[in-house]
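Undergrad: What the sequence shown shows, in my numbering, is residues 10 to 249, in sequence order.
Cβ atoms here follow ideal geometry from the backbone N, Cα and C, with glycine treated the same way.
For clarity, every value in this text was computed on a predicted model and none was experimentally measured.
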Amino acid sequence: MDLYNLLAEPPVLCRRDGDRAPVNLSVDEFSALAPGSLAPVIGIPSWIGKQSYEGRWWFSRTGHHVAFASTWERDLLTCLDYSGDATALVRDPAIFVSARTIRTPPLRPWLLIQKTDGIRVIPLNAADHDRSPELSEILAGSDVNVAIPQMPFSAELHLIRWLAGYRFTRFRLPDDIEQEVRRSCTTPKPLLEAVANAAASTTYALPTIQANLYSQMWRRAIELVNRAGGLSDTSTVRAA
Numbered sequence: 010m011d012l013y014n015l016l017a018e019p020p021v022l023c024r025r026d027g028d029r030a031p032v033n034l035s036v037d038e039f040s041a042l043a044p045g046s047l048a049p050v051i052g053i054p055s056w057i058g059k060q061s062y063e064g065r066w067w068f069s070r071t072g073h074h075v076a077f078a079s080t081w082e083r084d085l086l087t088c089l090d091y092s093g094d095a096t097a098l099v100r101d102p103a104i105f106v107s108a109r110t111i112r113t114p115p116l117r118p119w120l121l122i123q124k125t126d127g128i129r130v131i132p133l134n135a136a137d138h139d140r141s142p143e144l145s146e147i148l149a150g151s152d153v154n155v156a157i158p159q160m161p162f163s164a165e166l167h168l169i170r171w172l173a174g175y176r177f178t179r180f181r182l183p184d185d186i187e188q189e190v191r192r193s194c195t196t197p198k199p200l201l202e203a204v205a206n207a208a209a210s211t212t213y214a215l216p217t218i219q220a221n222l223y224s225q226m227w228r229r230a231i232e233l234v235n236r237a238g239g240l241s242d243t244s245t246v247r248a249a
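#1: How long is the line joining the alpha carbons of Asp30 and Ser107, rounded to whole angstroms?
#2: Is Arg229 buried or exposed, if buried means 16 or more other CB atoms sit within 10 Å of its CB?
#3: Among residues of its own chain, excluding the 5 on either side of Phe39, which ones have a beta-carbon nearer than 8 Å to its beta-carbon?
#4: Is the beta carbon of Ser193 less than 8 Å from the beta carbon of Ala203?
#5: On the DSSP bridge list, what partners appear for Leu116?
#6: For the alpha helix (DSSP H) that Cys88 lies in, which residues bound it at each end?
#7: Since Asp23 sits in a beta bridge, which residues does DSSP pair it with?
#8: Go to Glu232, then tell me how far its beta strand (DSSP E) extends in each direction, as first and last residue.
#9: Go through its chain and collect everything with a Cβ distance to Thr243's Cβ below 8 Å, but skip five positions before and after it.
#10: Go ahead and label Ser46 buried or exposed: buried means 16 or more other beta carbons lie within 10 angstroms of its beta carbon, across all protein chains shown.
#11: Comparing alpha-carbon positions, which option in Ile231, Ala173, Arg83 lies nearest Pro197?
#12: Do Ala173 and Asp94 come within 8 Å of each other at the CB atom, strictly closer than that value?
#13: By alpha-carbon positions, which one of His167, Thr212, Arg140 ends up nearest to Val155?
#14: Between the C-alpha atoms of Gly127 and Phe77, what's the straight-line distance to the nearest angstrom?
#15: Rounded to whole angstroms, how far is the Cβ of Leu144 from the Cβ of Leu120, which I believe are closer than 8 Å?
#16: Roughly how many angstroms separate the alpha carbons of Glu189 and Arg181, rounded to a whole number?
#17: Mind checking Pro114: buried by the 16 CB within 10 Å criterion, or exposed?
#18: Which one or two residues does DSSP pair with Phe39 in a beta bridge?
#19: Hey, quick one: how far does the alpha helix (DSSP H) through Thr217 stretch, first residue to last?
#20: Anyone know if the C-beta pair for Arg170 and Thr87 falls short of 8 Å?
#21: What residue does the alpha helix (DSSP H) around Pro142 start on, and which one ends it?
#22: Return the residue from the list Leu222, Ile186, Gln225 that minimises the CA-CA distance to Thr212.
#23: Identify which residue in Leu233, Pro161, Tyr175 has its Cα closest to the Cα of Ile218.
#24: Look at the alpha carbon of Leu222 and the alpha carbon of Glu63, and state the distance between them as a whole number of angstroms.
#25: Taking the continuous alpha helix (DSSP H) assigned at Ala208, which residues delimit it?
#26: Beta-carbon within less than 7 Å of Ile57's beta-carbon, same chain only, minus the 5 sequence neighbours each way: which residues are those?
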């Protein structure tokens, strides 16, 4: 005989920042919480043989780390970081108890995203596609949405992954030098030509200027003219 959740609405288990233990909240109470007031509802497991997080992504837009457990999750973080469309991220924001039969496992979304327009989104991967309507039904009427993100095509994703290596602050230069780098490609130029022009106007070495140009490409201050053609020393770049 199946048992069913007879609660008036599916409870949400989450941990508020500063709480010693998770608490059960209604959907309305959960959706009223700002992302900054949420902490991961579960910790990262550390025992041998665990199903663990395989890495931590330093999210350059917010300056903090977010754990990920798969290539898809890492790629999503990379694309979110590159787009600059996320202002807050919360790992393991909540556990949603389904109103279906007790045999149905709880929904454990990996991430809650707050976007620059204030919209909050819980992303699900393709493997969880069949449970997307269920989570959408639970969150219906709240201002938290459920989405299955579409990743960029292969060449674009490869470019974003590569530029991500230059997201760190060590590749930045003083504002006036960065402005000079952008000025070197106000009109479209081959990448190395733009680097040489900028280096000639500053005291910085070519490798430093080139790394900064990639950093500004990551920050979308400089753009690749033909993104489908890939990035090379002869690729044409221009200031955005």
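TA: The answer reads as follows:
#1: As a working note, residue 30 is residue 21 in the sequence shown. As a working note, residue 107 is residue 98 in the sequence shown. Reading the sequence as shown, one finds Ala at residue 30 and not Asp. Distance between the alpha carbons of Ala30 and Ser107 is about 21 Å.
#2: The residue labelled residue 229 in the question sits at position 220 within the sequence shown. Its Cβ having fewer than 16 others within 10 Å, Arg229 is exposed.
#3: Position 30 of the sequence shown, counting from 1, holds the residue named residue 39. Excluding sequence neighbours, Phe39 sits near Val21, Cys23, Ala103, Ser151, Val153.
#4: Taking the sequence shown and counting its residues from 1, the one referred to as residue 193 is at position 184. Taking the sequence shown and counting its residues from 1, the one referred to as residue 203 is at position 194. Their beta carbons are under 8 Å apart, which means Ser193 touches Ala203 by this criterion.
#5: By one-based count along the sequence shown, residue 116 stands at place 107. Phe105.
#6: By 1-based counting over the sequence shown, the position of residue 88 is 79. Unbroken alpha helix (DSSP H) run through Cys88: 80-92.
#7: Taking the first residue of the sequence shown as position 1, residue 23 is located at position 14. Looking at the sequence provided, one finds Cys at residue 23 rather than Asp. Paired residues: Val32.
#8: In the sequence shown, the residue the question calls residue 232 occupies position 223. Here the beta strand (DSSP E) through Glu232 covers 231-233.
#9: Counting from 1 along the sequence shown, the entry for residue 243 is found at position 234. Within the same chain, Thr243 has close Cβ partners Pro199, Leu200, Leu201.
#10: Mapped onto the sequence shown, residue 46 falls at position 37. It is exposed - the Cβ of Ser46 has fewer than 16 other Cβ atoms within 10 Å.
#11: Position 188 of the sequence shown, counting from 1, holds the residue named residue 197. Among Ile231, Ala173, Arg83, the Cα nearest to that of Pro197 is on Ile231.
#12: In the sequence shown, counting from the first residue as 1, residue 94 sits at position 85. In the sequence shown, counting from the first residue as 1, residue 173 sits at position 164. No.
#13: The residue you call residue 155 lines up with position 146 of the sequence shown. Nearest option by C-alpha distance: Arg140.
#14: Residue mapping note: residue 127 aligns to position 118 of the sequence shown, counting from 1. Residue mapping note: residue 77 aligns to position 68 of the sequence shown, counting from 1. Computed Cα separation, rounded: 23 Å.
#15: Here residue 144 refers to the residue found at position 135 when the sequence shown is read from its first residue. Here residue 120 refers to the residue found at position 111 when the sequence shown is read from its first residue. Between Leu120 and Leu144 the Cβ distance is about 13 Å, and since that is not below 8 Å, they are no contact.
#16: Here residue 189 refers to the residue found at position 180 of the sequence shown. Here residue 181 refers to the residue found at position 172 of the sequence shown. So the two alpha carbons sit approximately 13 Å from each other.
#17: Walking along the sequence shown from the start, residue 114 turns up at place 105. Exposed: under 16 other Cβ atoms inside 10 Å.
#18: Looking up residue 39 in the sequence shown gives position 30. Its beta-bridge partners do not exist; DSSP assigns none.
#19: Along the sequence shown, one-based indexing puts residue 217 at 208. 215-227 is the extent of the alpha helix (DSSP H) around Thr217.
#20: By 1-based counting over the sequence shown, the position of residue 170 is 161. By 1-based counting over the sequence shown, the position of residue 87 is 78. In contact: Arg170 and Thr87 (Cβ atoms closer than 8 Å).
#21: If you number the sequence shown from 1, residue 142 lands on position 133. 141-147 is the extent of the alpha helix (DSSP H) around Pro142.
#22: Counted from its first residue, the sequence shown places residue 212 at position 203. When each option's Cα is compared against that of Thr212, the closest is Ile186.
#23: Here residue 218 is taken as the residue at index 209 of the sequence shown, counted from 1. It is Tyr175 whose Cα lies nearest to the Cα of Ile218.
#24: Indexing the sequence shown from 1 puts residue 222 at position 213. Indexing the sequence shown from 1 puts residue 63 at position 54. Approximately 30 Å, taken between the alpha carbons.
#25: On the sequence shown, residue 208 is found 199 positions in, with the first residue counted as 1. That run of the alpha helix (DSSP H) goes 200-209.
#26: Position 48 of the sequence shown holds residue 57. Confidence at Ile57 is low in this model, with a pLDDT of 49, below 50, so its placement is unreliable and no value can be given for it.
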